[in-house]
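Everything below concerns the one structure shown next.
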Amino acid sequence: MNAKAIVIGLLLIATAGMAVLVTPAARAATPINDQLVQETGPTTALGGGDHVFVRFGTDAAFGVVYGTAANPNNIYIVAIKARYLGVAQVVDQQGRTVAENRPIKIYTLYAVKLDSLVEFKDSNGNGIANYARVYNGTTDRFSDYINRADTLYKKVDLNTSWTASAIVQSNGTTFRSWTFNLSAQNLPYAAIANYTGSVAGTLPLVRFTFHLNASLQQVDNATVPQWQVTLGQIGGGPVVTNISRLNDLTLSGKALHYDLKWDQDIEGWAFAAQNNPAATRRILLEIGAIVGNWIPAAILDAWFQTRVLARMGETGTAQFSTAAGTESANDTTGTYLLARRLQSPFVDFGGNWTRIGRFLWVANSTVDGASAPVYGQIIAGVRFGAIGERGNAFIGFALLAGLSFLGGASIVHDPSVTTDVQADLQLPGPTGPFGVLVLAAIGAVAIIAIVLLVVAIVMWRKRKGSPPPAP
Numbered sequence: 079m080n081a082k083a084i085v086i087g088l089l090l091i092a093t094a095g096m097a098v099l100v101t102p103a104a105r106a107a108t109p110i111n112d113q114l115v116q117e118t119g120p121t122t123a124l125g126g127g128d129h130v131f132v133r134f135g136t137d138a139a140f141g142v143v144y145g146t147a148a149n150p151n152n153i154y155i156v157a158i159k160a161r162y163l164g165v166a167q168v169v170d171q172q173g174r175t176v177a178e179n180r181p182i183k184i185y186t187l188y189a190v191k192l193d194s195l196v197e198f199k200d201s202n203g204n205g206i207a208n209y210a211r212v213y214n215g216t217t218d219r220f221s222d223y224i225n226r227a228d229t230l231y232k233k234v235d236l237n238t239s240w241t242a243s244a245i246v247q248s249n250g251t252t253f254r255s256w257t258f259n260l261s262a263q264n265l266p267y268a269a270i271a272n273y274t275g276s277v278a279g280t281l282p283l284v285r286f287t288f289h290l291n292a293s294l295q296q297v298d299n300a301t302v303p304q305w306q307v308t309l310g311q312i313g314g315g316p317v318v319t320n321i322s323r324l325n326d327l328t329l330s331g332k333a334l335h336y337d338l339k340w341d342q343d344i345e346g347w348a349f350a351a352q353n354n355p356a357a358t359r360r361i362l363l364e365i366g367a368i369v370g371n372w373i374p375a376a377i378l379d380a381w382f383q384t385r386v387l388a389r390m391g392e393t394g395t396a397q398f399s400t401a402a403g404t405e406s407a408n409d410t411t412g413t414y415l416l417a418r419r420l421q422s423p424f425v426d427f428g429g430n431w432t433r434i435g436r437f438l439w440v441a442n443s444t445v446d447g448a449s450a451p452v453y454g455q456i457i458a459g460v461r462f463g464a465i466g467e468r469g470n471a472f473i474g475f476a477l478l479a480g481l482s483f484l485g486g487a488s489i490v491h492d493p494s495v496t497t498d499v500q501a502d503l504q505l506p507g508p509t510g511p512f513g514v515l516v517l518a519a520i521g522a523v524a525i526i527a528i529v530l531l532v533v534a535i536v537m538w539r540k541r542k543g544s545p546p547p548a549p
């Protein structure tokens, strides 16, 4: 996985708008058909190819980027939105009001790269692939596969030409839905981890089917974090010198509710002759995931990167459950000695006060007609940084992760996700004359999370010491 190439692609498709952390109390349906736009056609984003996006004005975009015959590529599942970290009351260093009720707007992007299918032997019977790949910060790539407790044999690279079906739409007064699939046939095998056996033959079929649904609802009594932001002067220009937490606000707005059901079908894998007995054969869907902060060149300085988001507790981390309890991964994690097997079928991304998102999956698959468990795993977390066009920076961490399935001739899996994007925030009273100043100094930060496999923007108030609610 080339993190820097992914980053540059992401900067090409980032979008603006508004959203807010909420605890909804009442909802009513709102007409939506004239507010959602389907977008298809060639793209240069994320390595290029074609794309199917659904856009909600400038507030959000959801969809898929995939390779074509002219431009082979992996599949990227993408969700882009704008949201608030809260509302700012801006004062100078003497405590005098500069501006009131300024939205702290950030740009948030969620996406995932479906990288490869990997065959391995589950030697220790824990259901996951125990291997390593070392990240090279110079080349921005992970190394070849290194066997640890298990033996890896071969893989199928999902960077290919994908065949897209027709898009089937269904419309109602308050909802819209889209269904389509991407398939690839006769994909070649490649040896990995010093495997010297045969890689003859091809994988007959891989197919991913996407079901996108959207509805617009009124949200009342939304809980919004409130901050006091202190501005000072350096070199004649305004700078943020301090951020402190105030009491939450209760506001109202509209919510775009988005859910995606993603079906996966792998047919006809030819297992290595050495991979016996059959009960130990497994297939790993390897994933590249990214969580990071996008900072425009206008406010690109070390103080902002390290202190403002850190003070707000919003730099972002991934949390998950293992046999050892709750663990986290970020830019300091490195490559685990042994892969972490996840105990619960989700990974949470967030800060101290907001949830960036939740990746979740169905805990069972259908293998040769019978139900079989699916295990999530995380192999590594590494730091990266890249400078995009016009000096914009993307700084964060990359995760190497995967889902492990029992081996078989037919493997079917059905994850599903939900997303809420808040818009039309109704702020109390005047916002003051310095909106541009505050948005340039605070709100132009984008926390961009590329989560695992599917996207779930699940917004709730974070309660320390208690598990997150179901989406």
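Okay, so the sequence shown: first residue is 79 according to our numbering, each after it adds one. Virtual Cβ for every residue (Gly too), placed ideally from N, Cα, C.
Which of helix, strand or coil DSSP assigns to residue i
i	result
leucine 124	helix
threonine 358	helix
alanine 527	Residue confidence for alanine 527 is low, a pLDDT of 35 falling below 50, so the modelled location carries little weight; the figure read from the coordinates is stated next. Three-state DSSP puts alanine 527 in a strand.
glutamine 113	helix
leucine 236	coil
proline 282	strand
alanine 148	coil
tyrosine 273	coil
phenylalanine 258	strand
threonine 400	strand
isoleucine 245	coil
phenylalanine 349	coil
valine 460	strand
threonine 411	coil
methionine 96	Confidence in methionine 96 is poor, its pLDDT being 28 and thus under 50, which makes the residue's placement unreliable; the coordinate value appears in the next sentence. Coil.
tyrosine 267	coil
proline 303	strand
alanine 487	coil
aspartate 426	strand
valine 452	coil
aspartate 298	strand
Own chain partners of residue i with C-beta closer than 7 Å, once the 5 adjacent residues on each side are dropped
i	result
asparagine 225	Tyr209, Ala271
leucine 327	Val165, Val302, Gln304
phenylalanine 550	Not covered by the structure: residue 550. The range shown for the chain is 79 to 549.
glycine 127	Thr121, Val143, Tyr144, Gly145, Thr146, Asn149, Asn151
glutamate 117	Phe131, Arg133
glutamine 421	Ser399, Thr400, Ala401
threonine 229	Phe198, Lys199, Ser201
CB-CB length for residue i against residue j, believed under 8 Å
i	j	result
leucine 485	arginine 359	Per the sequence presented here, residue 485 reads as glycine, with leucine not at that position. Going by Cβ atoms, the distance from glycine 485 to arginine 359 rounds to 3 Å, so yes, they are a contact pair.
asparagine 353	lysine 199	5 Å
arginine 254	alanine 458	The Cβ separation is near 39 Å, so there is no contact.
serine 194	leucine 236	6 Å
valine 460	phenylalanine 475	6 Å
tryptophan 340	proline 493	5 Å
valine 297	glycine 250	Actually they do not touch by this definition, with Cβ atoms about 20 Å apart.
Own chain partners of residue i with C-beta closer than 8 Å, once the 5 adjacent residues on each side are dropped
i	result
phenylalanine 258	Val130, Ala242, Ser243, Ala244, Ile245, Val246, Thr287, Phe288
valine 452	Pro423, Trp439, Val440, Ala441, Asn442, Ser443, Leu481, Ser482, Phe483, His491
glutamate 405	Gln397, Phe398, Ser399, Arg418
glycine 560	Since the displayed the chain opens at 79 and closes at 549, residue 560 lies outside it and no answer follows.
leucine 114	Val132, Arg133, Phe134, Arg254, Ala292
Cutoff 6 Å; reference residue i; Cβ partners in own chain excluding five residues on either side
i	result
alanine 417	Ile206, Asn208, Gln455, Ile457
valine 284	Ala262, Ile344
glutamine 306	Gln167, Ser322, Leu324
alanine 269	Lys232, Val277
tryptophan 240	Tyr144, Gly145, Leu260, Ala262
alanine 479	Ile365, Ala367, Ile456, Leu530
glycine 310	Gln171, Val317, Thr319
alanine 450	Ser443, Leu484
Proximity test, Cβ basis, 8 Å: residue i and chain D
i	result
proline 423	Absence of chain D from the displayed structure is noted, only one protein chain being present.
Taking contact to mean 3 or more Cβ pairs, one atom from each stretch, closer than 8 Å, check whether the region 319-327 and the region 260-280 are in contact. Verdict: no, contact absent.
Should the region 486-493 be regarded as contacting the region 341-349, the criterion being three or more beta carbon pairs within less than 8 Å? Between the region 486-493 and the region 341-349, the count of Cβ pairs shorter than 8 Å is three or higher; the stretches touch.
Jot down the residue ranges of each uninterrupted beta strand (DSSP E) in the region 163-229, minimum 3 residues, whole runs only, in chain order. 175-199
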